[in-house]
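Protein chains in written order, with the working numbering: chain A, -2 to 334; chain B, 4 to 98; chain C, 198 to 485.
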């Protein structure tokens, strides 16, 4: 069985670690690294019977993830010190939000940039305060810069001079040119406060954003990681609140995200063994393409199925832009090489 | 114009290692390492439990280090700058 | 990957995959004397790959990848495939290893104590360590030295030593030719030949050694010794570490302890003999 399939089975609990031969671990670890799931696997198997070198590697990964988590939450704190005194409300998104809220998907999760959601009307002031506090623009060319401001759902990236870490300031969760336009004001309005005082999306919105990020905003690169987040979020929220699936459906309808949310749930069932309630549990043949794309990773960590990747890449651009814009954008990108 | 108040980090937040003329400080909240010289470690030590501004800090330092003259705008002005630098590093926060 | 091999150096088990046979054969010859455990799972993966399938044969050029990859890195011609493999091994350890604090330093050991030589390429640390390793010292490594956070001990990482330009002739005059790898002429760093560490250094690669001395060598100029203050040593060693930040408090504690407990000196020397004499002199004082 391939490394990536074994990885998924180990995470889902369908397979026990002690059944693996020593040389099977190369493929599992290779796939896990490439999918940014190695520290997650290390947490999942913290109590398993492992070969000594794998146990040591996993202990290293867990320790490194704890350091990275503290660094990520610190970035959020420094952003708060910069913009909160000016009365600018902001909501943490993605990995930093999961860590701030102490959610299970935060365990072992690599967190890259800090992502925050700010009201459209506050974007200018947020930009000014961040620059005053030591962030600066990541250098880019004027075309990309204009594209970002006009069409994407965030400011161009800012990086902090001294700490060398990026912040992405969003005002919606999908690009403005996207065919789907979630209700950002509702998301901000219904945000909840996590321990430590940071605002995060309410559970249903958090799951919606996760599904949107997984399926509506990309070509599924790193999809297994995002799907694992979705699986943990929905499983944990449903365990705490019997009405969660209903709330999720209602919220997804509000944001125009029912299709991606339902697909994410089915993929979590197919890959990670999620238990879905009635109404969510159908079989959809087209999901097979998504499963194939998500599992397109070989034992050396390389992406496979080149043609399938390209199909998803084109699909993701199609989702983000009207056809005329897409043609112009791809033409300019090709011209620049 | 009221002077800015600053707050020291909570107990246990900083790990301090003297290294000769320099002091190495590990901030457990940010996972960052800072290398500072006098009077930064002394300022952090003097901030104590209650938030204070540059003027109050000057008095505390005078008492701690038995300085002859804590008064004067010069001392407070210097401390105001140092406090702002420490805040930029995240070691102290505006109260 | 079509061709592959496994190599264990110090605590790290590598698996190296390649689109070409030649670099794998070269690695197998260079590391023939190292212990082999074909069943042990790999800690780090290196891949030597062609950017396009036809580039395996047409103007073959070797891209370096694995667990970590540097985007836009220039490939090397197939004739330098062995260099690519060694660079790949360095890259994966530098970016991925978290069990020990990594210092970009050579180290040699004697009587359970270690001398750490920290410096950039061109400082002469590799050549000095290699020369000492042919005498009464055990070569621990020329590229990386590992510091164990819990104990403070130095741990060896004795890879094939990368000798550059003039150092090649200097070592070739002293060692059995069977211990030298092929000449890689005209690489981006000049001429390179690899030196296989002595058999006793390979056999002892898991033995820790307590640091006794930290030296910052500078090749060129009159022989001189300059004691270094702990604050400056701390700063220079953080600059010499690829994983200090990622280790968090464990890294801070390990480095502070190393700096507190180990005397440090900058040394400059006009030639290898003078350099080795300075090491012996400072060593004698340190362990007195």
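Built from N, CA and C at the ideal position, the CB exists for glycine as well.
When the five nearest sequence neighbours on each side are left out, the beta carbons in the same chain lying within less than 7 Å of the beta carbon of residue 131 of chain A are those of 157, 158 and 159, in order along the chain. Annotation: the continuous beta strand (DSSP E) that includes residue 466 of chain C extends over 461 to 466.
Nearest neighbour of residue 287 of chain C by Cα position, chosen from C/378, C/442, C/369 and C/338, turns out to be C/338.
DSSP lists C/464 as the bridge partner or partners of residue 414 of chain C. Within the same chain, 346 come within 7 Å of residue 447 of chain C by CB-CB distance, once the 5 residues on both sides are set aside.
Residue pairing of residue 133 of chain A in beta bridges, as defined by DSSP: A/156. Counting only runs of 4+ residues, the alpha helix (DSSP H) found wholly inside the region 39 to 96 of chain B occupies 43 to 50, 57 to 68 and 76 to 92, in chain order. Judged by their CB atoms, residue 329 of chain C and residue 358 of chain C are not nearer to each other than the 8 Å cut-off.
The straight-line gap separating the alpha-carbon atoms of residue 360 of chain C and residue 290 of chain C is approximately 20 Å. Residue 20 of chain A has its alpha-carbon roughly 11 Å from the corresponding atom of residue 234 of chain C. By the neighbour-count criterion, in which 16 or more other beta carbons inside 10 Å mark a residue as buried, residue 440 of chain C falls on the buried side. For residue 296 of chain C, a Cβ of chain A is located within less than 8 Å of the residue's own Cβ. Looking at the DSSP output, residue 72 of chain A shares a beta bridge with no other residue.
If the five residues before and after residue 264 of chain C are omitted, its C-beta is found closer than 7 Å to the C-beta atoms of 241, 242, 289 and 293, all from its own chain and listed in chain order.
Contact of residue 427 of chain C with chain B by beta-carbon distance below 8 Å involves 22, 23 and 25.
In this structure, residue 352 of chain C lies away from residue 279 of chain C, with their beta-carbon atoms at least 8 Å apart. No Cβ-Cβ contact shorter than 8 Å links residue 216 of chain C with residue 203 of chain C.
In the structure shown, the three-state DSSP call for residue 359 of chain C is strand.
Of the other Cβ atoms in all chains shown, 16 or more fall within 10 Å of the Cβ of residue 259 of chain A; this residue is therefore buried.
Note on geometry: alpha-carbon atoms of residue 79 of chain B and residue 125 of chain A lie some 29 Å from one another.
Leaving aside the five residues that flank residue 464 of chain C on each side, the residues in its chain whose CB is nearer than 6 Å to its CB run, in chain order, 412, 414, 422 and 475. Our two residues, residue 238 of chain A and residue 261 of chain A, have alpha carbons roughly 20 Å apart in a direct line. Ranked by how close their Cα comes to the Cα of residue 90 of chain A, the residues A/64, A/165, A/32 and A/212 have A/165 in first place.
Close partners of residue 236 of chain C in chain A (Cβ separation under 7 Å): 19 and 20. Contact annotation, residue 336 of chain C with residue 305 of chain C: C-beta distance approximately 6 Å; criterion of less than 8 Å satisfied. When C-alpha distances from residue 396 of chain C are compared across C/449, C/231 and C/226, the shortest belongs to C/231. If you look at residue 6 of chain A, you'll find it isn't in any beta strand (DSSP E); it sits in the alpha helix (DSSP H) that goes 0 to 9.
Beyond the five residues adjoining it in sequence on each side, residue 401 of chain C comes within less than 7 Å, by CB distance, of 335 in the same chain, given in chain order. Annotated three-state conformation of residue 95 of chain A is helix, per DSSP.
Looking only at A/49, A/60, A/218 and A/197, the smallest Cα-Cα distance to residue 208 of chain C is reached by A/49. Listed along the chain, the chain A residues whose CB falls inside 9 Å of the CB of residue 32 of chain B are 67, 70, 71 and 74. Shortest Cα-Cα distance from residue 202 of chain A to any of A/222, A/192, A/191 and A/181 involves A/181. Short of 8 Å from the beta carbon of residue 43 of chain A, and not among the five residues preceding or following it, lie these beta carbons of its own chain, in chain order: 55 and 59. When only Cα atoms are considered, residue 231 of chain A and residue 204 of chain A end up about 7 Å apart. Residues 263 of the same chain have their beta carbon placed closer than 7 Å to that of residue 281 of chain A, with the five preceding and five following residues left out of the count. Residues of chain C with a Cβ closer than 8 Å to the Cβ of residue 38 of chain B are, in chain order, 428, 431 and 432.
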